[in-house]
Amino acid sequence: MSQFCVYANADPASRRDVPCWLNVQSDLIDNVESRVVVPLIPAAQAGPLLTRLMPELPVAGKPMVMDTAQITSVPMQMLGRQVADLAGERLRIIEALDFLTHGI
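In the working numbering, the protein residues as written are 2 to 105.
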(Lines of atoms letter the chains of each structure in order from A; the text may use other names.)
(Lines give C-alpha, C1' and ligand atoms only; values in the text may rest on other atoms or scores of the structure.)
Protein backbone atom coordinates (compact mmCIF):
# COMPACT_ATOMS: atom_id res chain seq x y z
CA MET A 2 0.00 0.00 0.00
CA SER A 3 1.79 3.04 -1.27
CA GLN A 4 1.92 6.49 0.27
CA PHE A 5 -0.40 8.98 -1.45
CA CYS A 6 -2.53 6.25 -3.00
CA VAL A 7 -6.29 6.42 -2.52
CA TYR A 8 -8.23 3.36 -1.42
CA ALA A 9 -11.95 2.72 -1.40
CA ASN A 10 -13.46 2.53 2.08
CA ALA A 11 -14.17 -1.17 2.63
CA ASP A 12 -16.29 -0.52 5.74
CA PRO A 13 -20.01 -0.44 4.82
CA ALA A 14 -20.89 1.41 8.04
CA SER A 15 -18.76 4.47 7.21
CA ARG A 16 -18.52 4.30 3.41
CA ARG A 17 -21.37 6.76 2.82
CA ASP A 18 -19.67 9.54 4.78
CA VAL A 19 -16.10 8.61 3.83
CA PRO A 20 -16.02 6.95 0.41
CA CYS A 21 -12.24 6.69 0.30
CA TRP A 22 -9.04 7.05 2.27
CA LEU A 23 -5.77 8.76 1.34
CA ASN A 24 -2.80 6.80 2.67
CA VAL A 25 -0.27 9.29 4.11
CA GLN A 26 1.88 6.76 5.96
CA SER A 27 5.48 6.41 4.82
CA ASP A 28 6.24 3.37 2.69
CA LEU A 29 9.12 2.65 5.09
CA ILE A 30 6.62 1.69 7.81
CA ASP A 31 5.02 -1.40 6.36
CA ASN A 32 5.28 -3.92 9.18
CA VAL A 33 2.14 -2.80 11.02
CA GLU A 34 -1.44 -3.88 10.38
CA SER A 35 -2.79 -0.33 10.13
CA ARG A 36 -2.27 2.76 8.00
CA VAL A 37 -2.37 6.48 8.79
CA VAL A 38 -4.99 7.90 6.46
CA VAL A 39 -6.92 11.07 5.74
CA PRO A 40 -10.58 10.78 4.77
CA LEU A 41 -11.46 12.05 1.31
CA ILE A 42 -14.98 13.40 1.01
CA PRO A 43 -16.93 14.62 -2.02
CA ALA A 44 -16.33 18.32 -2.62
CA ALA A 45 -20.09 18.92 -2.71
CA GLN A 46 -20.47 17.86 0.93
CA ALA A 47 -17.38 19.66 2.24
CA GLY A 48 -18.81 23.17 2.67
CA PRO A 49 -16.51 26.21 2.88
CA LEU A 50 -12.87 25.19 2.67
CA LEU A 51 -9.64 26.31 4.20
CA THR A 52 -7.84 25.40 1.00
CA ARG A 53 -4.41 24.93 2.58
CA LEU A 54 -5.84 22.57 5.17
CA MET A 55 -8.43 20.93 2.92
CA PRO A 56 -7.19 20.87 -0.68
CA GLU A 57 -9.48 19.62 -3.43
CA LEU A 58 -7.93 16.63 -5.18
CA PRO A 59 -9.00 14.72 -8.30
CA VAL A 60 -9.96 11.11 -7.60
CA ALA A 61 -11.21 8.99 -10.50
CA GLY A 62 -12.45 12.12 -12.27
CA LYS A 63 -14.34 13.42 -9.23
CA PRO A 64 -13.39 16.38 -7.03
CA MET A 65 -12.68 15.14 -3.51
CA VAL A 66 -11.59 17.13 -0.48
CA MET A 67 -8.84 16.06 1.88
CA ASP A 68 -10.47 16.24 5.34
CA THR A 69 -7.06 16.70 6.94
CA ALA A 70 -8.25 17.51 10.47
CA GLN A 71 -9.84 14.05 10.60
CA ILE A 72 -6.53 12.21 10.09
CA THR A 73 -6.69 8.79 11.70
CA SER A 74 -5.30 5.28 11.73
CA VAL A 75 -7.39 2.43 10.36
CA PRO A 76 -6.86 -1.32 10.16
CA MET A 77 -5.74 -2.42 6.72
CA GLN A 78 -9.03 -4.32 6.33
CA MET A 79 -10.79 -0.94 5.96
CA LEU A 80 -8.75 -0.19 2.85
CA GLY A 81 -10.39 -1.61 -0.25
CA ARG A 82 -9.17 -1.49 -3.82
CA GLN A 83 -6.85 1.27 -4.97
CA VAL A 84 -8.82 3.91 -6.89
CA ALA A 85 -6.16 6.57 -7.52
CA ASP A 86 -2.51 7.47 -7.10
CA LEU A 87 -2.07 11.07 -5.93
CA ALA A 88 1.74 11.06 -5.84
CA GLY A 89 1.56 13.95 -8.32
CA GLU A 90 -0.25 15.96 -5.62
CA ARG A 91 2.46 15.21 -3.05
CA LEU A 92 3.34 18.86 -2.41
CA ARG A 93 -0.27 19.91 -1.74
CA ILE A 94 -0.84 16.90 0.52
CA ILE A 95 2.31 17.57 2.56
CA GLU A 96 1.42 21.28 2.78
CA ALA A 97 -1.98 20.35 4.26
CA LEU A 98 -0.36 18.01 6.81
CA ASP A 99 2.24 20.66 7.70
CA PHE A 100 -0.49 23.25 8.15
CA LEU A 101 -2.39 20.88 10.46
CA THR A 102 0.59 19.91 12.59
CA HIS A 103 2.81 23.01 12.46
CA GLY A 104 0.63 25.88 11.28
CA ILE A 105 2.95 26.52 8.35
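Where a beta carbon is used, it is the ideal one built from N, C-alpha and C, also for glycine.
For L23 and Y8, what's the separation of their Cα atoms in angstroms? Against the sequence shown, residue 23 aligns to sequence position 22. Against the sequence shown, residue 8 aligns to sequence position 7. For L23 and Y8, the distance between alpha carbons rounds to 7 angstroms.
| query | Is T73 near the ligand ATP, going by C-beta to nearest heavy atom under 8 angstroms? | reply | This structure does not include the ligand ATP; it has no bound ligands of any sort.
Query - Exposure of D31, with buried meaning 16 or more beta-carbon neighbours within 10 Å - result: Counting from 1 along the sequence shown, the entry for residue 31 is found at position 30. D31 is exposed by the Cβ-count criterion.
Do the segment 13 to 20 and the segment 93 to 104 touch if we need at least three Cβ pairs shorter than 8 angstroms? no
Handout entry: Beta-ladder partner(s) of T73, from DSSP
Key = Taking the sequence shown and counting its residues from 1, the one referred to as residue 73 is at position 72. V38, per the DSSP bridge assignment.
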